[in-house]
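Down below is the structure, laid out as structure tokens.
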DNA sequence: GTAGTAACTAATTAAATTTTTAGTAATGGC
DNA sequence: GCCATTACTAAAAATTTAATTAGTTACTAC
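Protein chains in written order, with our numbering: chain A, 275 to 403; chain B, 275 to 403.
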């Protein structure tokens, strides 16, 4: 995740242009990052530790998971708590804004289920439950 | 846009995993593509031809704009009409689903405006109107 | 002191997306 | 015929994002 963006590129200029035009573009850039919504939903369901989220989301890597927690915290969607027990543990919980976003995303989820083009994948789900 | 996805990569597997888990992930993958929301909003406002959208969205390229129209059509969010006049013209209009999505995106837009982390950019807007 | 766990980070590599450049078909004007 | 226009497409280069590999710190168990 270390690689910095090239602020002199047209690629960067265009993204900035869109974010300045409408903050929606900034939020979409965030929530469309791979795994991030599922991490958010895990936390909503109480799966709120590094390890448990990692187990829940089969293929996610440590690097990405750490990055997603960091982003969600940065945008004040989740808050992090470090418990100084022995052994210590870290827990993530949704903030009010995070909960609000979950609700909005669930609405979009319902909408996407109603889209014929997204149904191709949904059909597969019925076989496994 | 020609380059095909590598279906044997873990990158591909992970995206598929997410899309099968929830169709939200497929829709987010679509709406987070650069320019696509703005193209959708242009059409909503009646800026509905290739050239007029291109003029409205300063930096967008032909390649991307054509791709975005194609994607929006594929997902039945917009419909394309070719008028056999002389000179011919092509117009895009929102479908019912497209209008529904716009409404949802506008809700998210309001939410993102209320997020402190997205406010940094919003402040800039006040200087220019 | 060696192995193991939780929660991470840094550097590298692989893959995807976006931008750039150049070109197409159909039509009209000169 | 040559240039201009609209609505595109194809191929390549640039940039960004995600995945992989290898490590860290602080602690417990043996």
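In this text, a Cβ means the ideal position worked out from N, Cα and C, and glycines have one as well.
Nearest neighbour of residue 333 of chain A by Cα position, chosen from B/384, B/288, B/386, B/387, turns out to be B/288.
For residue 291 of chain B, the chain A residues whose C-beta falls within less than 9 Å of its own C-beta are 331, 332, 333, listed in chain order.
In terms of CA proximity to residue 316 of chain B, B/366 leads the group B/366, B/387, B/389.
In the displayed model, residue 348 of chain A falls within a helix according to three-state DSSP. From the listed residues A/377, A/278, A/298, the smallest Cα separation to residue 384 of chain B is found for A/298. Think of a sphere of 9 Å around the beta carbon of residue 390 of chain A: the chain B residues whose beta carbon falls inside it are 349, 350, 371, in chain order. In the three-state reduction of the DSSP assignment, residue 293 of chain B falls in the helix class, which pools H, G and I. Under the Cβ criterion of 8 Å, residue 305 of chain B is counted among the residues facing chain A. Sequence-distant partners of residue 376 of chain A (beyond 5 residues in either direction) whose C-beta falls short of 8 Å from its own C-beta, in its chain, are 314, 315, 318, 368.
Close to residue 284 of chain A, with beta-carbon spacing below 8 Å, are these residues of chain B in chain order: 333. Within the same chain, 286 come within 7 Å of residue 279 of chain B by CB-CB distance, once the 5 residues on both sides are set aside. Against chain B, a Cβ distance below 7 Å from residue 382 of chain A picks out 298, 301, 378.
A Cβ of chain A is located within less than 8 Å of the beta carbon of residue 387 of chain B.
With respect to the 8 Å criterion, residue 339 of chain A and residue 305 of chain B are not classified as neighbours on the basis of their beta carbons. A residue is called buried when at least 16 other Cβ atoms come within 10 angstroms of its Cβ; residue 372 of chain B meets this threshold and is buried. Using a CB distance cut-off of 8 Å, residue 368 of chain B does not count as an interface residue toward chain A. In terms of Cα proximity to residue 349 of chain B, the closest of A/296, A/277, A/326, A/386 is A/386. Linking residue 290 of chain B to residue 363 of chain B through their CA atoms gives a straight-line distance of about 38 Å.
Along the segment 311-331 of chain A, the positions whose C-beta sits under 7 Å from a C-beta of chain B are 311, 312, read in chain order. For residue 295 of chain A, at least one C-beta of chain B is nearer than 8 Å to its own C-beta.
Taking 8 Å as the cut-off, the Cβ atoms of residue 296 of chain A and residue 379 of chain A do not count as close. Any Cβ of chain B closer than 8 Å to the Cβ of residue 339 of chain A would place that residue at the interface, and such an atom is absent. For the pair residue 359 of chain B and residue 343 of chain B, the Cα-to-Cα distance works out to about 21 Å. Using beta-carbon distances, residue 308 of chain A counts as an interface residue toward chain B, with a partner under 8 Å.
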